[in-house]
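In my numbering, the protein residues as written are 67 to 199. From the three backbone atoms N, C-alpha and C, an ideal C-beta is built for every residue, glycine too. Please read these numbers as outputs of a predicted model, since none were measured by experiment. Below is one structure, written out as structure tokens; comments come after it.
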């Protein structure tokens with residue numbers, strides 16, 4: 067094969083690859099789950115959990131009623147029935163605080179997140195266990 071024929075063949079193969087790449091479409095969005103709106107005796111929390119390959123991203127807020135004890139939201143991360151990490155807590159006193167963090171997971175990934183809402187970190191209630199979709 068001459069050099070000119072090799073160049074022509076490479077151009078044809080390259081053009082076909084570019085055309086095929088255009089057919090792939092956009093990547094699928096990561097699945098998300100909502101938690102809350104949970105309201106306890108001293109405050110409230112609400113947000114979303116984005117399920118990544120192994121990890122999760124938690125985004126939302128925790129707010130505290132004025133004049134009462136502080137409010138804490140605490141997360142425990144599970145694989146099956148086993149807690150594999152946590153607690154990861156955020157607290158606030160007479161205000162509202164944004165939550166935005168990622169929790170790395172093991173092989174097999176995080177499959178559930180427990181959401182606890184506490185007043186003054188003394189009285190805590192399991193508000194929900196969010197399962198990976």
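Hey, out of 181, 180 and 109, whose CA is closest to residue 132's CA? Ranking 181, 180 and 109 by Cα distance to residue 132 puts 109 first.
Between the CA atoms of residue 155 and residue 119 - distance to the nearest angstrom: 23 Å
Counting C-beta neighbours from all protein chains within 10 Å, is the total for residue 102 16 or more, i.e. buried, or is it exposed? Buried.
May I have the straight-line CA-CA distance separating residue 135 from residue 114, to the nearest angstrom? 25 Å
Terminal residues of the beta strand (DSSP E) in which residue 167 lies: 162 to 169
Starting from the C-beta of residue 140, find all residues in its chain whose C-beta is less than 6 Å away, skip the five residues before and the five after it, and write them out in chain order. 153, 155 and 182
Quick check on residue 87: does DSSP put it in helix, strand or coil? With a pLDDT of 48 at residue 87, under the threshold of 50, the modelled position of that residue is not reliable, and no figure is offered here.
Exposed unless 16 or more other CB atoms sit within 10 angstroms - verdict on residue 197: Per the 10 Å Cβ criterion, exposed.
By the three-class DSSP mapping on this structure, what secondary structure does residue 159 have? In this structure, DSSP gives residue 159 a state outside helix and strand, which the three-state scheme calls coil.
Under the DSSP definition of a beta bridge, which residues are partnered with residue 115? When beta bridges are read from the DSSP output, residue 115 appears opposite 99 and 124.
Could you check if residue 195 is buried or exposed, using at least 16 other CB atoms within 10 Å of its CB as the buried criterion? exposed
In whole angstroms, give me the CA-to-CA distance for residue 172 and residue 106. 32 Å
CB residue 169 to CB residue 95, shorter than 7 Å? The answer is no: Cβ separation not under 7 Å.
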